[in-house]
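Asker:
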Amino acid sequence: GTRFQVGVGGSGAALKPPGKLLHIDIDASIVDRVHKSDASLIGAAAEILPAIDALMNPQPCSPEFVEKIQTSNRELRQKLRKRLGPDYEGILDAIRELAPRDTLIVRDTTVPAYNFVNQLLPIYAPRTFIGPNSAAIGPGLPLAVGAAAGTGKKTVVVHGDGGFMFHATELATAAQYQLPMVICVFNDGGYGVLRGLQSQQFEGRYSDTDLGVVDFAGLAESMGVTGVAVETLTEFKAAFGSAMDRAGPTLLNIDMRKLIPMQGSILPAQ
126 GTRFQVGVGG SGAALKPPGK LLHIDIDASI VDRVHKSDAS LIGAAAEILP AIDALMNPQP
186 CSPEFVEKIQ TSNRELRQKL RKRLGPDYEG ILDAIRELAP RDTLIVRDTT VPAYNFVNQL
246 LPIYAPRTFI GPNSAAIGPG LPLAVGAAAG TGKKTVVVHG DGGFMFHATE LATAAQYQLP
306 MVICVFNDGG YGVLRGLQSQ QFEGRYSDTD LGVVDFAGLA ESMGVTGVAV ETLTEFKAAF
366 GSAMDRAGPT LLNIDMRKLI PMQGSILPAQ
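Per this note's numbering, the very first residue in the sequence shown carries number 126; after that it's consecutive.
1) Under three-state DSSP, which class holds Gly263?
2) Would you mind stating whether Val350 and Ala300 have Cβ atoms separated by less than 8 Å?
3) Pick from Pro247, Asp152 and Ala238: whose alpha carbon is nearest that of Arg226?
4) By how many angstroms is the C-alpha of Pro183 removed from the C-alpha of Val318?
5) Compute the minimum distance between the beta carbon of Arg320 and the heavy atoms of the ligand GTP, and state whether it is under 7 Å.
6) Out of Tyr239, Thr334, Val282 and Asn240, which one is the CA nearest neighbour of Ile78?
7) Could you tell me how far apart the beta carbons of Gly337 and Gly314 are, in whole angstroms, since I believe they sit closer than 8 Å?
8) Please report the distance separating the alpha-carbon of Val307 from that of Leu377.
9) If we ignore side chains and look at the alpha-carbon of each, how far apart do Ala153 and Val355 end up?
10) What's the gap between the Cα of Leu322 and the Cα of Ala260?
11) Starting from Val310 and walking both ways along the beta strand (DSSP E), at which residues does that stretch end?
12) Check the C-beta distance from Lys279 over to Met369 and give it rounded, since I have them as a contact under 8 Å.
13) Leaving out five residues before and five after Ala342 in sequence, what residues of the same chain have Cβ atoms less than 7 Å from its Cβ?
14) Give every residue of the same chain whose Cβ lies closer than 8 Å to the Cβ of Pro188, excluding the five residues on either side of it in the sequence, and list them in chain order.
15) My guess is that Thr253 and Thr294 are in contact by the Cβ rule of under 8 Å, so how many angstroms apart are they, rounded?
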């Protein structure tokens, strides 16, 4: 489900849905946390929605309405993809093309996830898209370790370098158990989210947002995980494809400073 709690416009204001709000959630503690609902039902959506449907008068499906929704979806996706630029758009497409449909996709709270994975990566199967419910950075890698260990399925995790440092030692776990993981560390040399917030709220004055240069590929190798440095879209496609074919874990250290930047991205020394 959704909590309608993501801040918009840099103001931190939650996105308020229009009209009356019927809140259906299996977790009673979530109801009315962000917005006051007009009515609420506690339980599994799979049980509640058919019950609601049975109480409603059948309505014919309007082809014009369906086409309008589909057109709006296509136009929005095209607009969002245009913001990415050719390199990140290519990375997005490569992940989906090279990863089988049942691949587990885990994302941390990170700029790449905000900008393209959460919004634009097609997901084809239930229980294959995993991420934190909070806005805290760092849980991506341990979530991915658990997913890979628990299912035995290939698991791709999208991480930023700042959040990755919170649990980098989990690389040793991935190596010890030879977990089927592809760890994509998008390395912009610091805390990209904080740079964005400081740019919006403090007129471009930055404080303690840079981490310096970390060789994550070398770090991975030191723990028994295959590490690959990536600086171009071509290198990403080759490295990601090889990682998908490899039985054990692989880390890709993707240098965002060498890629064509996404619209609005802020890198060190800018």
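Ideal Cβ positions, reconstructed from N, Cα and C, are used throughout, including at glycine.
Answerer: Quick look at the numbers:
1) coil
2) yes
3) Pro247
4) 46 Å
5) Among the components of this structure there are no ligands whatsoever, and the ligand GTP is therefore not found.
6) Any question about residue 78 goes unanswered here, given that the chain covers just 126 to 395.
7) 7 Å
8) So the two alpha carbons sit approximately 7 Å from each other.
9) 45 Å
10) Using only the alpha carbons, I get a separation of about 14 Å.
11) Annotation: the continuous beta strand (DSSP E) that includes Val310 extends over Met306 to Asn312.
12) 7 Å
13) Gly352, Val353, Ala354, Leu376 and Asn378
14) none
15) Not a contact, Cβ separation roughly 26 Å.
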